[in-house]
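The next block holds one structure in the form of structure tokens; read it before the comments.
Residue numbers (my numbering), protein chains in the order written: chain A, 1 to 196; chain B, 197 to 286.
Dropping the structure here:
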């Protein structure tokens, strides 16, 4: 996020910002933390640490600007720096490997093209959630930020410290991976994914 | 727009640049398209079957992600714990 003029807020201002601009996002923050850590206690710790950092560095937040994006950026960085190391989730496919694979020109789109709209419409919330949760963290994150939280590409670029072009291409790759998962769910539900 | 292009048999069955087209379609779906993207979208969907299918599938997936994805309830004591820790900081 761009360098902002450091403020000197009074205690009253600080409390005001904290209560009216930071705390209203606690639901979204907890959901994001849970989808990163898959653990209730880790998610709680992560949200708590994020809010404490936000308070400590409140003078570098400009009142009235995008508090949600500012908080999400702190949470994401805390996760990378602290929680990812001790995360309880099993090892995932190496991100770089997947990114390179989906970046190549000869991706076989027929893998996902047979997933039907009707099959997706009939899926349950848990199935969608599980499919999302099974993606490697960098892909999962862009879908959460874009589709669940409604951030713009520009906001996502700031939260993730990547160029907008990378946001766009990573989202596209993440969606292809998600469709692979959904297709296998559709097959298990007995949908015929091969024929009209 | 040519009305005859509105059935799948009239659309071309292969997209010459799927990767680029699909990324563009997704940007439009995400509300990130340019001002004239609505027109471009209609034209593209009328002419290209893979683009038509991709757009509608991504649209439904985006909708179910928004509407059905399991929400985790925030533990009730979390907000109070945070406030208490902040009091201790002061």
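Beta carbons are placed, not taken as given, at the ideal position from N, Cα and C, and that holds for glycine.
Hey, could you find the ends of the alpha helix (DSSP H) residue i is sitting in?
i, result
"residue 276 of chain B", "274 to 285"
"residue 223 of chain B", "214 to 225"
"residue 138 of chain A", "137 to 143"
"residue 129 of chain A", "125 to 133"
Does DSSP put residue i in a helix, a strand or coil?
i, result
"residue 267 of chain B", "coil"
"residue 7 of chain A", "coil"
"residue 258 of chain B", "helix"
"residue 244 of chain B", "strand"
"residue 14 of chain A", "helix"
"residue 163 of chain A", "coil"
"residue 234 of chain B", "helix"
"residue 119 of chain A", "helix"
"residue 101 of chain A", "The pLDDT assigned to residue 101 of chain A is 49, lower than 50, so where the model puts this residue is not dependable; a value taken from the coordinates is nonetheless given after this. Residue 101 of chain A falls in the helix class under three-state DSSP."
Just tell me which of the options has its CA closest to the CA of residue i.
i, options, result
"residue 234 of chain B", "B/224, B/243, B/242", "B/224"
"residue 280 of chain B", "A/150, A/160, A/55, A/27", "A/55"
"residue 176 of chain A", "A/151, A/136, A/156", "A/136"
"residue 273 of chain B", "A/134, A/166, A/45, A/83", "A/45"
"residue 220 of chain B", "B/237, B/270, B/284", "B/237"
"residue 227 of chain B", "A/189, A/164, A/153, A/64", "A/153"
"residue 51 of chain A", "A/156, A/12, A/30", "A/30"
"residue 13 of chain A", "A/78, A/43, A/64", "A/64"
"residue 138 of chain A", "A/187, A/78, A/184, A/167", "A/167"
"residue 183 of chain A", "B/270, B/277, B/218, B/254", "B/254"
Report yes or no: do three or more beta-carbon pairs, one from the stretch 27 to 39 of chain A and one from the stretch 138 to 152 of chain A, lie closer than 8 Å? yes
Would you check if the stretch 250 to 263 of chain B and the stretch 18 to 31 of chain A touch, i.e. whether three or more CB-CB distances between them fall below 8 Å? no
Is the number of C-beta pairs between the stretch 259 to 267 of chain B and the stretch 113 to 123 of chain A that are closer than 8 Å three or more? yes
For the pair the stretch 38 to 58 of chain A and the stretch 8 to 19 of chain A, tell me if three or more CB-CB distances fall below 8 Å. yes
Specify whether the stretch 167 to 179 of chain A and the stretch 67 to 86 of chain A touch according to this definition: at least 3 beta carbon pairs, one from each stretch, less than 8 Å apart. no
Run through the stretch 28 to 78 of chain A for me and flag every whole alpha helix (DSSP H) of 4 or more residues, listed as ranges in chain order. 40 to 56, 67 to 78
Short of 7 Å Cβ to Cβ, which residues in the stretch 205 to 237 of chain B face chain E? Chain labels in this structure do not include chain E; the protein chains are A and B.
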